[in-house]
Amino acid sequence: MEIKILGSGCSSCLRLEALVKEVAVEKDLEATFLKVTDYKDIVSYGIMRTPGLVVNGKVMSAGRIPSKQEIATWLNTAGSSKGTAL
Amino acid sequence: MLETSERPLETTKRSSYSPIPLPILLAVAAVVWVLAYQALPGLSDYISYRALGLEPASHLGSAVDFFLLDVPKILLLLVGIVFLVGMLRSYFSPERTRALLGGKREGVGNVLAASLGIVTPFCSCSAVPMFLGFVESGIPLGVTFSFLIASPMINEVALVMLLGLFGWQIAGLYIGTGLVVAMTAGWVIGRLGMEGYLQDWVYQVRMGETGLEERKLDFPGRVAYALEAVRDIVGRVWLYVIIGISIGAAIHGYVPESLLAGYMGKDSWWNVPVAVIIGIPLYSNAAGIMPVVQALMEKGAALGTVLAFMMSVVAISLPEMLILRRVMKIQLIAVFAGVVAVGIIIVGYIFNMVI
Numbered sequence: 002m003e004i005k006i007l008g009s010g011c012s013s014c015l016r017l018e019a020l021v022k023e024v025a026v027e028k029d030l031e032a033t034f035l036k037v038t039d040y041k042d043i044v045s046y047g048i049m050r051t052p053g054l055v056v057n058g059k060v061m062s063a064g065r066i067p068s069k070q071e072i073a074t075w076l077n078t079a080g081s082s083k084g085t086a087l
Numbered sequence: 002m003l004e005t006s007e008r009p010l011e012t013t014k015r016s017s018y019s020p021i022p023l024p025i026l027l028a029v030a031a032v033v034w035v036l037a038y039q040a041l042p043g044l045s046d047y048i049s050y051r052a053l054g055l056e057p058a059s060h061l062g063s064a065v066d067f068f069l070l071d072v073p074k075i076l077l078l079l080v081g082i083v084f085l086v087g088m089l090r091s092y093f094s095p096e097r098t099r100a101l102l103g104g105k106r107e108g109v110g111n112v113l114a115a116s117l118g119i120v121t122p123f124c125s126c127s128a129v130p131m132f133l134g135f136v137e138s139g140i141p142l143g144v145t146f147s148f149l150i151a152s153p154m155i156n157e158v159a160l161v162m163l164l165g166l167f168g169w170q171i172a173g174l175y176i177g178t179g180l181v182v183a184m185t186a187g188w189v190i191g192r193l194g195m196e197g198y199l200q201d202w203v204y205q206v207r208m209g210e211t212g213l214e215e216r217k218l219d220f221p222g223r224v225a226y227a228l229e230a231v232r233d234i235v236g237r238v239w240l241y242v243i244i245g246i247s248i249g250a251a252i253h254g255y256v257p258e259s260l261l262a263g264y265m266g267k268d269s270w271w272n273v274p275v276a277v278i279i280g281i282p283l284y285s286n287a288a289g290i291m292p293v294v295q296a297l298m299e300k301g302a303a304l305g306t307v308l309a310f311m312m313s314v315v316a317i318s319l320p321e322m323l324i325l326r327r328v329m330k331i332q333l334i335a336v337f338a339g340v341v342a343v344g345i346i347i348v349g350y351i352f353n354m355v356i
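Line by line, the protein sequences give chains A and B. For the first sequence, my numbering gives the first residue as 2, with consecutive numbering after it. For the second sequence, my numbering gives the first residue as 2, with consecutive numbering after it.
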């Protein structure tokens, strides 16, 4: 699956990235990570708050760091529907 | 400027696991808070003059008493007010604010934008995406600026410091005049027709559709959000509070009365602009600066000068201008800083004249 972290390098963006990676490793999920730092691209996802989390092209959260459980649920759902993965 | 950072939110529903219902816990916390707040003056007197045996009239005694009263008072206020503001903010989001401002004319739009600037969760790291979102949805530039000015100027930390150190009347004055400055400065910038001074790429930006459902927070969710705000903000400013109050306490105890009246009193015309100019490069230290300023005021500095300084510190900051530089040309940033500075200077003069 493809995971994008939206944000221009603020501390919360880094924390979010670390957290998502942690969950991916724990769940043994294969994922590619991309950082989206260009404001034009960030806004094209329709969000006005960073950090944003995009899994397989879908915005999961914006402007907050979700809990580990939330992230795990999203990654599990995205991981199981392999057909739609990029 | 102390921005509310992007806060992590917890979605745990604590109340369902806790044996005591959440509203009762909150009520108990509120009672404890009030009792503690009321006990403070007696307690600080007791410790300074009885336990430590200091003379109330002595320099050291008055400095220690000032410190022991103000540090816990400000920290208590900080916890209480940041929590309440957090609860209020949990009802707002930048997306909702953008929707509310969409299609509003200038004038009404400026008033609404400045007011929403107070309650919308905002972080300077999100200033650019929010700015883009506002511009893209056709909100007039001046209205957007009213929001951008009010949001950092009227923040919970500034409010706490004013409330704790100067009382509710001055805190109220600050909010009222802060709103007026944000509305009129935004309106003036709008009238100047600076739309051509945004970076060219800004107009090519297209907001996408999120498909992100707005999270519906229940009451425990809002409490968790507000508690997270308390943890985040108090965690960031407590040290500045203590350092600021220490310096303030030293001034309070040792600097002679009315030493400053000549320099910072209302009689010298130049003190307001000087205070504003000094305030511009100072950033995010409102918590540390206010106790010092309050102590200076006791020694003869004028209220208008003090308020102007405070506004300048939080509303015009170099880091924010650097962030905005990515979407604005330098001329627009200069106009923005200039118009806000002039507004603040006028406020300073008015207060020095009236009070």
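We treat Cβ as the ideally placed atom computed from N, Cα and C, and that holds for glycine.
Count the C-beta pairs between the region 74-90 of chain B and the region 163-171 of chain B that are closer than 8 Å, then say yes if the count reaches three, no if not.
Yes: the two stretches touch, three or more of their Cβ pairs being nearer than 8 Å.
Give a yes or no on whether the minimum CB-CB distance between Thr33(A) and chain B is below 8 Å.
no
Val189(B) by DSSP, collapsed to three states: which one?
In this structure, Val189(B) counts as helix in the three-state DSSP scheme.
Between which two residues does the alpha helix (DSSP H) holding Ser313(B) run?
304-316
From Leu53(B) to Ser269(B), what distance separates their C-alpha atoms?
41 Å
What's the call for Leu70(B), buried or exposed, on a 16-neighbour Cβ count within 10 Å?
buried
From Ile346(B), Ser59(B), Pro24(B), pick the residue whose C-alpha is nearest to that of Ala186(B); which is it?
Ile346(B)
Given that Met88(B) touches chain A, what residues does it touch there, using C-beta distances under 9 Å?
Under the 9 Å cutoff, chain A gives no residues; its nearest Cβ is about 16 Å from Met88(B).
Helix or strand or just coil, what does DSSP make of Gly357(B)?
There is simply no residue 357(B) to check, as chain B begins at 2 and stops at 356 in what is shown.
Met2(A) CB to nearest chain B CB: under 8 Å?
no
What are the residues in the region 124-136 of chain B lying within 7 Å of chain A by C-beta distance?
Cys126, Ser127, Val129, Pro130, Met131, Leu133, Gly134
I'd like to know whether the C-beta atoms of Thr178(B) and Val348(B) end up nearer to each other than 8 Å.
yes
State the CB to CB distance for the pair Val238(B) and Val158(B), rounded to an integer number of angstroms; the pair is presumed to be in contact (CB under 8 Å).
6 Å
Curious, which full-length alpha helix (DSSP H) runs of at least 4 residues does the region 30-87 of chain A contain?
Qualifying alpha helix (DSSP H) stretches, in chain order: 40-44, 69-81.
For Ala58(B), count neighbouring C-beta atoms within 10 Å of its own C-beta (all shown protein chains included) and say buried if the count is 16 or more, exposed if not.
exposed
Would you verify that the beta carbon of Val44(A) is, or is not, closer than 8 Å to some beta carbon of chain B?
yes
Give, in chain order, every residue of the region 94-107 of chain B whose Cβ lies closer than 8 Å to some Cβ of chain E.
Protein chains A and B are contained in the structure displayed, whereas chain E is not.
Find the nearest neighbour of Arg135(B) within the set Gly110(B), Val120(B), Val341(B), judged by alpha-carbon distance.
Per the sequence presented here, residue 135(B) reads as Phe, with Arg not at that position. When each option's Cα is compared against that of Phe135(B), the closest is Gly110(B).
Taking 8 Å as the CB-CB limit, is Thr51(A) close to chain B?
yes
Could you confirm whether any beta carbon from chain B is found closer than 8 Å to the beta carbon of Ile48(A)?
yes
Who are the near neighbours of Leu333(B) in its chain, counting only those whose CB is closer than 6 Å to its CB and skipping five residues on each side?
Met195, Tyr198
With a CB to CB cut of under 6 Å and the five nearest residues on each side skipped, what residues in its chain are close to Phe93(B)?
Beyond the five residues adjoining it in sequence on each side, Phe93(B) comes within less than 6 Å, by CB distance, of Val120, Thr121 in the same chain, given in chain order.
If I follow the unbroken alpha helix (DSSP H) through Ile140(B), where does it start and stop?
Taken as a continuous stretch (DSSP letters only), Ile140(B) belongs to no alpha helix (DSSP H), as it is neither H nor E.
Whose C-beta lies closer than 6 Å to the C-beta of Ser152(B) among residues of the same chain, with five residues either side of it excluded?
Gly118, Phe123
When DSSP labels each residue in this structure, what does Leu325(B) get in the three-state scheme?
helix
When we look at the beta-carbon of Pro320(B) and count the other beta-carbons within 10 Å, is it buried (16 or more) or exposed?
exposed
Quick one: what's got a C-beta closer than 8 Å to Ala64(B)'s C-beta in the same chain, skipping five residues either side?
Ala250, Ala251, His253, Gly254, Tyr255
Would you verify that the beta carbon of Lys22(A) is, or is not, closer than 8 Å to some beta carbon of chain B?
no
Exposed or buried, which one is Phe68(B) when buried takes at least 16 other CB atoms within 10 Å?
With 16 or more neighbouring CB atoms inside 10 Å of its own CB, Phe68(B) falls in the buried class.
What's the gap between the Cα of Asn353(B) and the Cα of Gly108(B)?
Spanning the two alpha carbons is a distance of roughly 28 Å.
Can you name the residues of chain B whose CB is closer than 8 Å to the CB of Gly80(A)?
Result: empty, since nearest Cβ-Cβ is about 19 Å, beyond 8 Å.
Do you know how far the Cα of Ile190(B) is from the Cα of Val1(B)?
The displayed coordinates of chain B run from 2 to 356. Any statement about residue 1(B) would go beyond what the structure contains.
Step through the CB atoms of chain B and report whether any lies within less than 8 Å of the CB of Lys36(A).
no
Taking the alpha carbon of Val144(B) as the reference point, which residue from Val129(B), Leu133(B), Leu113(B) has its own alpha carbon closest?
Leu113(B)
Report the partner residues of Leu7(A) according to the DSSP bridge assignment.
Val37(A), Gly53(A)
Leaving out five residues before and five after Val101(B) in sequence, what residues of the same chain have Cβ atoms less than 8 Å from its Cβ?
This sequence places Leu at residue 101(B); Val is not what is there. Within the same chain, Leu101(B) has close Cβ partners Leu113, Leu117.
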